[in-house]
Amino acid sequence: MFARLLTKLRPDLYDGATAGRRFLVWGRPDDLALRLAPPATFFFLAWLFEEITLFMPAAMAEAPEEACALVRDVMDLHAREEQPHVAIDAHVLARVNDRSWRVSSWLQAALALPLLLYVDRRVRAAWRRLCAHATVELDLTPAQRAKVEARGPTRSDVLGMESFAEKVGASRLTGAKLLSWALARALRRARA
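Numbering (this note's numbering), first residue to last: 851 to 1042.
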């Protein structure tokens, strides 16, 4: 969907061939990580990423001149579509929590942290590849590339992580306080 949208917005940059332009290319390690993730681990991460999506329209509204109206509309629709997913994630986690042995629930929540680090590493590597590609296509200077490459979390990342940490931290889910603490700590480090 986004590839088609980008092709319509910038046919000079996107010719419809998306294979070489994917930000994240799914591979065997990703399949393995997903297959090995227990249900609660998967749904904690799904909730986090969907929570971030909920804040994209708010982040775009803070700088409306930086995104065209069509992109803002698409992101608003995407955020609205994710709202029920967040409710499903919370519901599934409550059911798993209620039906699992307490230690198992805690371990599944704790496993979300190394999996989150894995995702973060994958995204960082993809960002470096994107910066290398942009350096060539846009003829960036070394200083420009360094500035783009060093970017931190987006505004929607921060808002979504804060919201997730607050909601999960206030929940009765086993292991949720650990996730809330770890995300709050990561956000403090990102701000420093």
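Think of the CB as a built atom: it goes at the ideal place given N, C-alpha and C, for glycine as much as any other residue.
Give me the Cα-Cα distance between CYS981 and GLY1019, rounded to the nearest whole angstrom.
Here residue 981 refers to the residue found at position 131 when the sequence shown is read from its first residue. Here residue 1019 refers to the residue found at position 169 when the sequence shown is read from its first residue. Their backbone Cα atoms lie some 35 Å apart in a straight line.
DSSP three-state label for TRP951, please.
Locating residue 951 in the sequence shown gives position 101, where the first residue counts as 1. Three-state result, TRP951: coil.
Spatial neighbours of LEU920 within its chain, please: CB distance less than 8 Å, with the 5 preceding and 5 following residues excluded, ordered by chain position.
Mapped onto the sequence shown, residue 920 falls at position 70. Within the same chain, LEU920 has close Cβ partners LEU855, LEU859.
Could you give the distance in angstroms between the alpha-carbon of ARG995 and the alpha-carbon of THR985?
Counted from its first residue, the sequence shown places residue 995 at position 145. Counted from its first residue, the sequence shown places residue 985 at position 135. Taking the straight line joining both Cα atoms gives about 6 Å.
Between ARG972 and GLU999, how many whole angstroms is the CB-CB distance? I'm expecting something under 8 Å.
The count along the sequence shown starts at 1 and reaches residue 972 at position 122. The count along the sequence shown starts at 1 and reaches residue 999 at position 149. So it is not a contact: roughly 16 Å between Cβ atoms.
Report the rounded CA-to-CA distance for PHE893 versus LEU927, giving the unit in angstroms.
As a working note, residue 893 is residue 43 in the sequence shown. As a working note, residue 927 is residue 77 in the sequence shown. Rounded to the nearest angstrom, the two C-alpha atoms are 22 Å apart.
For GLU900, count neighbouring C-beta atoms within 10 Å of its own C-beta (all shown protein chains included) and say buried if the count is 16 or more, exposed if not.
Within the sequence shown, the letter at position 50 stands for residue 900. Burial call: buried.
Is the CB-CB distance between THR845 and ALA909 below 8 Å?
Only positions 851 to 1042 of the chain appear in this structure, which leaves residue 845 out of reach.
Within the same chain, show all residues whose beta-carbon is closer than 6 Å to that of ALA1015, passing over the 5 residues directly before and after it, in chain order.
Within the sequence shown, the letter at position 165 stands for residue 1015. Within the same chain, ALA1015 has close Cβ partners SER1030, LEU1033, ALA1034.
Can you tell which of GLN958, GLU1012, VAL946 has its C-alpha closest to the C-alpha of ARG1038?
Residue 1038 sits at position 188 when you count from the first residue of the sequence shown. Of the listed residues, the one whose Cα sits closest to ARG1038 is GLU1012.
Just the C-alpha distance for MET925 and ARG945, rounded to the nearest angstrom, thanks.
Numbered from 1 along the sequence shown, position 75 holds the residue referred to as residue 925. Numbered from 1 along the sequence shown, position 95 holds the residue referred to as residue 945. The alpha-carbon atoms of MET925 and ARG945 are separated by roughly 30 Å.
My guess is that HIS960 and LEU1028 are in contact by the Cβ rule of under 8 Å, so how many angstroms apart are they, rounded?
Counting from one through the sequence shown, the residue named residue 960 turns up at place 110. Counting from one through the sequence shown, the residue named residue 1028 turns up at place 178. Looking at the sequence shown, residue 960 is not His but Ala. Contact holds; Cβ gap of about 6 Å.
Can you tell me whether ILE902 is buried or exposed? The criterion is at least 16 other CB atoms within 10 Å of its CB, across all chains shown.
The sequence position of residue 902 within the sequence shown is 52, counting from 1. ILE902 is buried by the Cβ-count criterion.
For VAL986, is the beta carbon positioned less than 7 Å from some heavy atom of the ligand GDP?
You won't find the ligand GDP in this model; it holds no ligand whatsoever.
State the Cα-Cα distance for the pair SER1021 and PRO934, rounded to the nearest angstrom.
Within the sequence shown, numbered from 1, the residue matching residue 1021 stands at position 171. Within the sequence shown, numbered from 1, the residue matching residue 934 stands at position 84. Approximately 18 Å, taken between the alpha carbons.
Thinking C-beta only, is ASP939 closer than 8 Å to ALA896?
One-based indexing of the sequence shown puts residue 896 at position 46. One-based indexing of the sequence shown puts residue 939 at position 89. A contact, by the Cβ cut-off of 8 Å.
Suppose the cutoff is 8 Å on Cβ atoms and the five residues either side in sequence are ignored; what does the same chain contact list for ALA929 look like?
Taking the sequence shown and counting its residues from 1, one reaches residue 929 at position 79. These residues qualify, in order along the chain: THR903, LEU904, PHE905, MET906, PRO907.
Going along the chain, which residues of its own chain have a beta-carbon closer than 7 Å to the beta-carbon of TYR968, five neighbours each way excluded?
Taking the first residue of the sequence shown as position 1, residue 968 is located at position 118. The answer, listed in chain order, is ALA883.
According to DSSP, is GLN893 part of a helix, a strand, or is it coil?
Within the sequence shown, numbered from 1, the residue matching residue 893 stands at position 43. Note that residue 893 corresponds to Phe in the displayed sequence, not to Gln. If DSSP states are grouped into helix, strand and coil, PHE893 belongs with the helices.
Measuring alpha carbon to alpha carbon, tell me which residue in ALA1026, ARG872, ASP881 is nearest ALA962.
As a first step, residue 962 must be located in the sequence shown, where it is residue number 112. Nearest of ALA1026, ARG872, ASP881 to ALA962, Cα basis: ALA1026.
Apply the 10 Å Cβ neighbour rule to VAL953 and answer buried if 16 or more other Cβ atoms are within range, or exposed otherwise.
Locating residue 953 in the sequence shown gives position 103, where the first residue counts as 1. Its Cβ having fewer than 16 others within 10 Å, VAL953 is exposed.
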